[in-house]
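Numbering (the numbering used here), first residue to last: 23 to 398. Just so it is clear, CB atoms sit at the ideal spot from N, CA and C, and this is done for glycine as well. Note that the coordinates shown come from a computational prediction; the quantities given were computed from them, not determined experimentally. Let me begin by presenting the structure, written as structure tokens, before commenting on it.
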């Protein structure tokens, strides 16, 4: 199948400025022409529209990347099994997507664009269908998790331990999407805060955010014995990319979770790296995990923990995580891992590059990001 990447990208430029209208048109047409698929989606679609756009952009920009794109599509396909997506749904999605772009191109859409996009979409669908079928041989669409403990660490942050009903294969640094009984069909991503364990349990650090349906349900209205659904593990944030014996970890808020999992994993390594972990919070009361971090430090032996507080007038010095890195004169001479809000990751990465850290040595993840074609 020939995919004309030039036509794909040229046509994408026609609709990228009105991408929000494209997504609204896409979902309106999809639900109108194929009402049976509406039940796979959450009641409110605002977040979902953004995620479709991110996934679509990722594919457009990666069409010539071969194996990396296939890996990305395979991960999406495995994750989409939890919604009940079946092979027969893909043609409907493709048809409505192309129609939505054509309708919002202000008369500049050419018939050749239709063919180019449908060829590309057929390729995407084939890769995703095959990956989903392969995954179905050895894994369920989602796992049923029982909450075994729920501990409020601050007014807004809870550490929640969940036991899946079947073995849950993941790597330290990955995240999972969770669904609560209070909000059916609404999934939100949370980093797993531990390395794989013999007891199969997963730990999540969850902050209740204003207007956050799932986060509020998990923090305020969940207790031991409750059931949550767990999507398959996702993400590529791992120690596999580290090539140096000294690592620097920079965390913002609950972005600590995947870095804590990587520390735990590295403690078992025969060639244990030395790690400087900087955890940035706005107020000292938000340093919610110091007890567990001290326990990890005792086990690891080559772990240093530095807490940074940025917005507390009586605390001195007032630092973000990357400020503390410079203040303590730690030389980031190896791999650097960054996790937090998108703003924190962007700012921290820019500072690291300005310090002379090579871009390939900076490994980052936005806490809570999960682009997707259909609900996430």
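DSSP-derived helix/strand/coil call for residue i
i: residue 353; result: coil
i: residue 313; result: helix
i: residue 92; result: helix
i: residue 107; result: coil
i: residue 53; result: helix
i: residue 225; result: strand
i: residue 245; result: coil
i: residue 174; result: strand
i: residue 301; result: strand
i: residue 376; result: helix
i: residue 237; result: helix
i: residue 381; result: helix
i: residue 261; result: helix
i: residue 387; result: strand
i: residue 363; result: coil
i: residue 85; result: coil
i: residue 168; result: strand
i: residue 124; result: helix
i: residue 250; result: strand
i: residue 358; result: strand
i: residue 294; result: coil
Buried versus exposed, by CB contacts within 10 Å (16 or more), residue i
i: residue 159; result: exposed
i: residue 219; result: exposed
i: residue 101; result: buried
i: residue 240; result: buried
i: residue 311; result: buried
i: residue 111; result: buried
i: residue 95; result: buried
i: residue 397; result: Unreliable positioning characterises residue 397 in this predicted model, as indicated by a pLDDT of 36, which lies under 50. A coordinate reading is not provided.
i: residue 104; result: buried
i: residue 216; result: buried
i: residue 323; result: exposed
i: residue 214; result: buried
i: residue 367; result: buried
i: residue 255; result: buried
i: residue 130; result: exposed
i: residue 209; result: buried
i: residue 375; result: exposed
i: residue 291; result: exposed
Span of the beta strand (DSSP E), counted from its first residue to its last, around residue i
i: residue 326; result: 325-331
i: residue 185; result: 179-186
i: residue 272; result: 268-274
i: residue 200; result: 197-202
i: residue 210; result: 210-213
Where the alpha helix (DSSP H) containing residue i begins and where it ends
i: residue 30; result: 27-37
i: residue 152; result: 133-158
i: residue 288; result: 278-289
Sub-8 Å separation of residue i and residue j beta-carbons
i: residue 36; j: residue 127; result: yes
i: residue 164; j: residue 183; result: no
i: residue 252; j: residue 186; result: yes
i: residue 190; j: residue 280; result: no
i: residue 135; j: residue 25; result: no
i: residue 264; j: residue 302; result: no
i: residue 272; j: residue 358; result: yes
i: residue 3; j: residue 51; result: The shown model of the chain, from 23 to 398, leaves out residue 3, and the question about it has no answer.
i: residue 243; j: residue 201; result: no
i: residue 229; j: residue 168; result: no
i: residue 352; j: residue 298; result: yes
i: residue 268; j: residue 381; result: no
i: residue 39; j: residue 207; result: no
i: residue 107; j: residue 62; result: yes
i: residue 274; j: residue 363; result: yes
Close Cβ partners of residue i (< 7 Å) along its chain, the five nearest in sequence each way excluded
i: residue 44; result: 37, 122, 123, 126
i: residue 377; result: 354
i: residue 319; result: 325, 327
i: residue 339; result: 349
i: residue 30; result: 82, 85, 138, 139, 142
i: residue 371; result: 360, 384, 386
i: residue 56; result: 114
i: residue 286; result: 194, 216, 217, 318
i: residue 188; result: 162, 165
i: residue 178; result: 229, 230, 241
Contacting residues, own chain, Cβ-Cβ under 8 Å from residue i (five flanking each side not counted)
i: residue 316; result: 327
i: residue 306; result: 329, 331, 334, 337
i: residue 294; result: 288, 322, 323, 324
Same chain, Cβ closer than 6 Å to residue i, five either side skipped, listed in chain order
i: residue 99; result: 150, 153, 154
i: residue 53; result: 60
i: residue 193; result: 260
i: residue 231; result: 237
i: residue 91; result: 84
i: residue 225; result: 183, 215, 216
i: residue 309; result: 303, 329
Any non-hydrogen atom of the ligand GDP within 7 Å of residue i CB
i: residue 34; result: What this structure holds is no ligand at all, so the ligand GDP is not there to describe.
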